Amino acid sequence: MEQRALGRSGLVVSRLALGTMTWGRDTDEDEAAMQLTAFVDAGGTLVDTADVYCDGESERLLGRLLADVVPRSDVLVATTAVGRTAPGPMGRGASRGHLLTALDASLERLGLEHIDLWQLHTWDDTTPLEETLAACDTAVSSGRVRYVGVSNFTGWQTAQAVTWQRAWPGRVPLVSTQVEYSLLQRGVEREVVPAAEALGLGMLAWSPLGRGLLTGKYRQGAPDGSRGASPQWQGFIDGLRSPTADRIVEAVVTAAEGLGTTPLAVALAWVRDRPGVTAPVVGARTAAQLQSSLDAESVRLPAAIRTALEDVSAPYFGYPERRYDR
0 MEQRALGRSG LVVSRLALGT MTWGRDTDED EAAMQLTAFV DAGGTLVDTA
50 DVYCDGESER LLGRLLADVV PRSDVLVATT AVGRTAPGPM GRGASRGHLL
100 TALDASLERL GLEHIDLWQL HTWDDTTPLE ETLAACDTAV SSGRVRYVGV
150 SNFTGWQTAQ AVTWQRAWPG RVPLVSTQVE YSLLQRGVER EVVPAAEALG
200 LGMLAWSPLG RGLLTGKYRQ GAPDGSRGAS PQWQGFIDGL RSPTADRIVE
250 AVVTAAEGLG TTPLAVALAW VRDRPGVTAP VVGARTAAQL QSSLDAESVR
300 LPAAIRTALE DVSAPYFGYP ERRYDR
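Numbering (numbering that gives the first Met the number 0), first residue to last: 0 to 325.
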């Protein structure tokens with residue numbers, strides 16, 4: 000698997016990241032072990048989890064696998080903080096108190112001495128940004144974190160955070176942003192992608208398969224046993240459904256048929272090779288599902304197909320992202 004620098008940092012990661020949102024609930028330990036082994040055997044290095052996934056069980060499971068199944072030295076661990084992990088006003092948010100407490104809890108669950116990439120899971124309107132970023136500085140200077148990134152920030156939030164850290168020597172630079180990005184979710188191209196490229200951030204794309212819709216398996220309804228058929232995930236998946244989304248899915252299916260590959264491979268290759276994207280984050284309930292993503296590593300989209308997909312899925316651009324007098 001190709002390796003890429005994460006933004007303008009010295010952190011080099013695989014161009015496909017393994018997501019673990021289902022680990023500890025929909026994916027048991029045996030399946031997770033097979034996923035991690037297959038991912039590392041294929042050259043994958045970056046494994047993405049979060050302190051809020053499955054009430055922390057995703058981190059615990061990953062920690063056990065790094066102790067018994069795959070060497071810690073073969074894996075770069077990314078996790079997050081900010082989300083609610085305890086009751087009360089200090090149980091969530093980007094305050095210094097919650098962030099550093101959450102970091103220690105993540106390290107304990109993972110059984111690690113440091114996190115390779117620590118990400119602010121979302122913006123917090125209730126905490127001054129300078130307090131949040133000072134906590135990130137502390138996390139790195141204490142040796143508990145190697146690199147820091149953000150997630151689900153808007154363009155202006157991304158720019159403000161990065162610029163604040165650059166404004167004074169010695170502050171820890173932000174190296175990445177993780178956002179939802181797929182043929183069904185291209186809104187980040189209006190502000191976030193230009194900000195990331197201008198500021199030298201690597202982009203990690205979560206849900207690159209459009210929450211599963213771009214695989215084509217939901218064209219005739221939700222199959223039994225799929226996430227779309229479960230009460231827990233149905234709303235999440237249906238949030239991207241629309242007549243426009245249906246046209247995009249059909250275009251992906253047609254492209255896959257023409258190339259002799261799968262809709263999954265087409266959708267994943269499109270995101271993987273977008274400007275500014277370092278790695279899509281792929282999650283799977285089973286090892287067989289993950290293998291389908293790993294098999295897409297060799298897929299290259301011809302220019303004509305890429306153009307056709309971009310035309311059918313193009314997001315609206317207007318003022319001020321695109322001035323009319325240009």
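A virtual CB, placed ideally from N, CA and C, is assigned to each residue, including glycine.
Every value quoted in this text rests on a predicted model; they were computed, and no experiment measured them.
With distances taken Cα to Cα, identify the nearest neighbour of P172 among N151, D136, L182.
D136
Taking a contact to mean a Cβ-Cβ separation below 8 Å, would you say L5 touches E296 in this structure?
no
Pick helix, strand or coil for Y217, following the three-state DSSP scheme.
coil
I want to know whether the region 148 to 160 touches the region 282 to 297 - three or more CB-CB distances under 8 Å.
no
Candidates G148, A41, D123: which alpha carbon is nearest S8's?
Measuring from the Cα of S8, the nearest candidate turns out to be G148.
One question on the structure: do D50 and T84 come within less than 8 Å of each other, judged by their Cβ atoms?
yes
Can you tell me where the alpha helix (DSSP H) with R246 in it begins and where it stops?
242 to 258
So, are the CB atoms of N151 and V192 less than 8 Å apart?
Result no, Cβ atoms of N151 and V192 do not sit closer than 8 Å.
So D124 is in the beta strand (DSSP E); what residue range does that whole segment cover?
D124 -> no beta strand (DSSP E), and no H or E assigned at all.
Quick one: any contact between the region 107 to 122 and the region 303 to 315, if contact means 3 or more CB pairs under 8 Å?
no
Using the beta-carbon count (16 or more within 10 Å), is E1 buried or exposed?
exposed
Are the CB atoms of G18 and D47 within a distance shorter than 8 Å?
The answer is yes: Cβ separation under 8 Å.
If L208 and A266 are in contact, beta carbons under 8 Å, what's the gap, nearest whole angstrom?
5 Å
Would V68 and T36 qualify as a contact pair, given that the criterion is a beta-carbon distance under 8 Å?
yes
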